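J.:
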Ligand SMILES: Cc1cc2nc3c(=O)[nH]c(=O)nc-3n(C[C@H](O)[C@H](O)[C@H](O)COP(=O)(O)OP(=O)(O)OC[C@H]3O[C@@H](n4cnc5c(N)ncnc54)[C@H](O)[C@@H]3O)c2cc1C
């Protein structure tokens with residue numbers, strides 16, 4: 403029936419080395435008592451040798467536990483006849499990984515390799531089990547996460563990305579896949595001599611890269627994030643028409659906190675996110691001042707955990723952009739880039755802010771090709787041993803400078819003001835002062851960026867002395883603050899003069915009458931000038947631009963969402 407069984411994920415030379423105890427956490431064996439608890443929620447099923455339980459690409463697949471017999475998890479390669487064995491599951495072991503929880507397309511085929519007895523739970527019952535049985539919930543979640551980590555490390559997935567590490571499009575797609583936790587393999591055009599054959603076989607010319615080969619056969623030439631989302635079916639398992647108790651726009655820290663609290667308190671929650679969960683925090687290399695993480699946590703890890711936590715409680719996350727709010731009737735409707743029109747009884751706007759771009763003629767040309775807005779290990783890798791520039795005087799800039807100083811030759815820190823003390827936390831100022839590789843340049847602005855395909859040199863000017871200099875530097879990190887993502891709201895809610903959303907007591911009687919506030923009660927804390935619509939985190943006027951305050955606001959908003967739903 404099948405011919406070419408090659409490697410397995412747990413043996414893969416590119417995967418993480420697995421100790422025995424690590425392996426037992428990834429593929430645990432459940433006890434008879436635990437099996438009985440699962441059986442109470444599902445049904446027993448007998449299967450024959452060779453019977454296929456699901457195919458690669460199926461969505462909303464069931465969850466199986468082996469009572470007796472044996473299952474094979476395999477990965478079909480191109481033709482149905484060639485496949486890779488990923489894992490054999492024996493009695494007491496179970497199927498699934500993170501994608502199973504989300505209802506996403508499965509990367510594998512599942513087949514009985516012996517006559518077997520199984521417990522089968524559909525996705526809904528599996529999610530309910532994770533939510534309500536603390537012990538099993540912990541075992542399943544840990545195994546699912548570790549399995550996904552192994553797949554990511556081994557590059558085992560249904561996506562091949564062909565591109566160049568120096569191209570902005572490639573960086574965008576890598577970041578999109580990584581931050582959405584989707585495994586992919588990367589073919590570097592500049593390093594892989596066989597890549598031209600691969601491109602020729604799909605009739606792709608070099609000006610059409612980066613290319614994404616999606617699910618083995620769909621070829622996307624320089625695709626948008628939405629095209630990749632559609633091809634991988636990220637949104638397929640989600641009903642985009644039903645009226646939701648709560649729709650949250652934006653999956654940064656504030657939106658994810660609202661999702662965790664809303665879903666865990668029984669609300670039917672849908673989150674819309676333009677690109678990937680984590681927001682600005684997701685692009686931070688290390689957050690050291692978030693409560694409970696004394697050694698710091700990368701923004702990506704924090705976002706990944708929060709994303710899973712929200713889904714564990716039943717929140718659904720749609721990868722698409724909210725493009726318009728229809729606010730003239732109830733339920734309100736959120737129109738999205740993918741064509742969906744989502745009705746909502748209440749809304750939390752958590753769209754944060756977008757990076758400010760200095761006035762510099764060539765800037766868009768070098769975004770992702772020498773100019774970056776985040777300093778994660780991915781960007782850090784690109785400038786090992788080189789000189790870099792960090793622009794900005796806030797905490798994000800300080801963290802980036804300290805982080806990049808670990809691996810780069812020198813970090814030039816450019817700020818327009820005289821010193822760092824006004825906007826930066828004292829611990830970071832001290833760390834910068836104590837790092838000889840960081841050269842602080844006050845009163846300095848970038849005036850020119852030069853290069854062909856990649857940034858090659860940077861010009862800057864000192865506003866006090868008028869002196870200009872040009873340096874052969876290939877990497878600039880722009881950390882100069884952000885503007886609120888509120889343009890899409892189109893007059894539905896009152897904004898302050900800088901475009902941030904006004905809420906609660908900040909809304910004056912004049913604001914409320916101008917926006918036709920219809921209720922006898924005043925707006926609740928965090929409620930906008932539109933009843934039942936809240937704003938949290940960086941998008942809110944007067945907010946403290948920190949992860950902890952964004953998370954706090956997201957969770958506080960939920961208590962008022964309950965009140966509105968009861969009105
Ligand atoms: C590099 C960096 C490092 C930082 N380090 C720290 C730190 O160490 N400690 C700290 O406390 N703070 C730090 N901050 C600040 C902190 O990250 C922000 O205050 C926090 O992320 C704000 O969260 P938020 O959810 O309000 O918004 P954001 O994080 O901005 O998230 C908003 C989300 O909404 C999405 N979105 C926007 N528009 C739409 C739309 N129309 N439809 C759908 N989705 C949309 C975006 O894609 C984004 O994911 C840092 C910021 C940066 C940039």
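Residue numbers (this note's numbering): 403 to 969. All C-beta atoms in this analysis are idealised placements derived from N, C-alpha and C, irrespective of residue type, glycine included. Here the structure is a predicted model, which means the values were calculated and not measured.
1) Measuring only the C-alpha atoms, how far is residue 527 from residue 912?
2) Would you say residue 757 touches ligand 1, meaning its beta carbon is less than 8 Å from a heavy atom?
3) Of all the options 547, 906, 548 and 611, which has the alpha carbon lying nearest to the alpha carbon of residue 571?
4) Check whether the stretch 712-722 touches the stretch 633-651, taking contact to mean three or more Cβ pairs, one atom from each stretch, closer than 8 Å.
5) Three-state secondary structure (DSSP) at residue 853?
6) Where does residue 823 land, buried or exposed, given buried means 16+ other C-beta within 10 angstroms?
7) Hey, could you find the ends of the beta strand (DSSP E) residue 580 is sitting in?
8) Which partner residues of residue 519 appear in the DSSP bridge assignment?
9) Looking at the unbroken alpha helix (DSSP H) that takes in residue 534, where does it start and where does it end?
10) Determine the extent of the beta strand (DSSP E) in which residue 616 is found, giving its start and end residues.
11) Out of 788, 887, 840 and 799, which one is the CA nearest neighbour of residue 875?
12) By Cβ distance, which residues of its chain are closer than 7 Å to residue 450, with the 5 residues on each side in sequence left out?
13) If we call anything under 9 Å between Cβ atoms a contact, is residue 749 one with residue 934?
14) Would you kindly work out how many angstroms separate the C-alpha atoms of residue 654 and residue 840, rounded to a whole number?
15) Would you list the residues sitting across from residue 590 in a DSSP beta bridge?
16) Under three-state DSSP, which class holds residue 830?
17) How would you call residue 499, buried or exposed, if buried means at least 16 neighbouring beta carbons within 10 angstroms?
18) Helix, strand or coil: which one does DSSP assign to residue 758?
19) With distances taken between CB atoms, is the gap from residue 606 to residue 623 smaller than 9 Å?
20) If you draw a straight line from the alpha carbon of residue 790 to that of residue 773, how long is it in whole angstroms?
21) Is it buried or exposed for residue 531, if we count other Cβ within 10 angstroms and need 16 for buried?
22) Would you report the Cα separation of residue 948 and residue 681, rounded to the nearest angstrom?
23) How far does the beta strand (DSSP E) with residue 737 in it reach, from first residue to last?
24) If we ignore side chains and look at the alpha-carbon of each, how far apart do residue 632 and residue 722 end up?
25) With 16 other CB atoms within 10 Å as the buried threshold, where does residue 805 fall?
26) Tell whether a beta-carbon distance below 9 Å holds between residue 798 and residue 686.
27) By the DSSP assignment, the alpha helix (DSSP H) with residue 724 in it spans what residues?
28) Taking C-alpha atoms, which residue in 501, 549 and 439 lies nearest to residue 425?
29) With a threshold of 16 other CB atoms inside 10 Å of the CB of residue 678, please say whether the residue is buried or exposed.
30) Taking C-alpha atoms, which residue in 709, 765 and 578 lies nearest to residue 780?
31) Report buried or exposed for residue 660, applying the criterion of at least 16 other Cβ atoms within 10 angstroms of its Cβ.
32) Taking the continuous beta strand (DSSP E) assigned at residue 960, which residues delimit it?
33) Going by alpha carbons, who is nearest to residue 656 out of 751, 580 and 616?
34) Report the three-state DSSP secondary structure of residue 398 (helix, strand or coil).
35) For residue 663, name the three-state secondary structure that DSSP assigns.
36) Using only the heavy atoms of ligand 1, determine whether one of them is closer than 8 Å to the beta carbon of residue 679.
T.: By the coordinates alone:
1) The count along the chain shown starts at 1 and reaches residue 527 at position 125. The count along the chain shown starts at 1 and reaches residue 912 at position 510. A direct Cα-to-Cα measurement between residue 527 and residue 912 gives close to 50 Å.
2) To locate residue 757, count along the chain shown from 1; it is residue 355. Yes - ligand 1 has a heavy atom lying nearer than 8 Å to the Cβ of residue 757.
3) Counted from its first residue, the chain shown places residue 571 at position 169. The option with the nearest alpha carbon to residue 571 is 611.
4) Yes: the two stretches touch, three or more of their Cβ pairs being nearer than 8 Å.
5) Counting from one through the chain shown, the residue named residue 853 turns up at place 451. Strand.
6) For the purposes of this step, residue 823 is identified with residue 421 of the chain shown, where counting begins at 1. That one is exposed.
7) In the chain shown, the residue the question calls residue 580 occupies position 178. According to the DSSP assignment, residue 580 belongs to no beta strand (DSSP E) but to the alpha helix (DSSP H) extending over 570-581.
8) The residue given as residue 519 occupies position 117 in the chain shown. In the DSSP output, where bridge partners are listed per residue, residue 519 has 448 and 470.
9) Within the chain shown, residue 534 is the residue found at index 132, counting from 1. Residues 525-534.
10) As a working mapping, residue 616 is identified with position 214 in the chain shown. That run of the beta strand (DSSP E) goes 613-616.
11) Counting from 1 along the chain shown, the entry for residue 875 is found at position 473. Ranked by how close their Cα comes to the Cα of residue 875, the residues 788, 887, 840 and 799 have 788 in first place.
12) In the chain shown, counting from the first residue as 1, residue 450 sits at position 48. The residues are 514 and 517.
13) One-based indexing of the chain shown puts residue 749 at position 347. One-based indexing of the chain shown puts residue 934 at position 532. Pairing residue 749 with residue 934 gives a Cβ-Cβ distance under 9 Å.
14) For the purposes of this step, residue 654 is taken as residue 252 along the chain shown, with counting starting at 1. For the purposes of this step, residue 840 is taken as residue 438 along the chain shown, with counting starting at 1. Between residue 654 and residue 840, the C-alpha separation is close to 30 Å.
15) The sequence position of residue 590 within the chain shown is 188, counting from 1. Answer by DSSP bridge pairing, in chain order: 565.
16) The sequence position of residue 830 within the chain shown is 428, counting from 1. Of the three classes helix, strand and coil, the one that applies to residue 830 here is helix, per DSSP.
17) As a first step, residue 499 is located in the chain shown; it is residue number 97 there, counting from the start. Classification for residue 499: buried.
18) As a working mapping, residue 758 is identified with position 356 in the chain shown. It is coil, neither helix nor strand.
19) Along the chain shown, read from residue 1 onward, the residue named residue 606 stands at position 204. Along the chain shown, read from residue 1 onward, the residue named residue 623 stands at position 221. For the 9 Å CB-CB criterion, residue 606 and residue 623 form a contact.
20) Within the chain shown, residue 790 is the residue found at index 388, counting from 1. Within the chain shown, residue 773 is the residue found at index 371, counting from 1. Using only the alpha carbons, I get a separation of about 10 Å.
21) Position 129 of the chain shown, counted from the first residue, corresponds to residue 531. Buried, because 16 or more other Cβ atoms sit within 10 Å of the Cβ of residue 531.
22) Within the chain shown, the letter at position 546 stands for residue 948. Within the chain shown, the letter at position 279 stands for residue 681. About 12 Å.
23) Along the chain shown, read from residue 1 onward, the residue named residue 737 stands at position 335. Under the DSSP assignment, residue 737 falls in the beta strand (DSSP E) whose first and last residues are 734-738.
24) Translated into the one-based positions of the chain shown, residue 632 becomes position 230. Translated into the one-based positions of the chain shown, residue 722 becomes position 320. Each residue's alpha carbon lies about 10 Å from the other.
25) Against the chain shown, residue 805 aligns to sequence position 403. Counting Cβ neighbours within 10 Å, residue 805 comes out buried, since at least 16 surround it.
26) Locating residue 798 in the chain shown gives position 396, where the first residue counts as 1. Locating residue 686 in the chain shown gives position 284, where the first residue counts as 1. Residue 686 is positioned such that its CB atom lies closer than 9 Å to that of residue 798.
27) Sequence index remark: in the chain shown, residue 724 carries index 322 (1-based). No alpha helix (DSSP H) holds residue 724; the beta strand (DSSP E) holding it covers 724-728.
28) Counting from one through the chain shown, the residue named residue 425 turns up at place 23. Put simply, of 501, 549 and 439 the residue whose alpha carbon is nearest the alpha carbon of residue 425 is 549.
29) Within the chain shown, residue 678 is the residue found at index 276, counting from 1. Buried: at least 16 other Cβ atoms inside 10 Å.
30) Sequence index remark: in the chain shown, residue 780 carries index 378 (1-based). With distances taken between CA atoms, residue 780 lies nearest to 578 out of 709, 765 and 578.
31) Taking the chain shown and counting its residues from 1, one reaches residue 660 at position 258. It counts as buried.
32) Numbered from 1 along the chain shown, position 558 holds the residue referred to as residue 960. Membership of residue 960 in any beta strand (DSSP E) is not indicated; the residue belongs instead to the alpha helix (DSSP H) covering 949-968.
33) Here the question's residue 656 lines up with position 254 in the chain shown. That would be 751, whose Cα lies nearest to the Cα of residue 656.
34) The structure shown does not extend to residue 398, since the chain is modelled only from 403 to 969, so the question has no answer here.
35) Sequence index remark: in the chain shown, residue 663 carries index 261 (1-based). Look at residue 663 here: in three-state DSSP terms it is helix.
36) The residue given as residue 679 occupies position 277 in the chain shown. Relative to ligand 1, residue 679 has its C-beta within less than 8 Å of a heavy atom.
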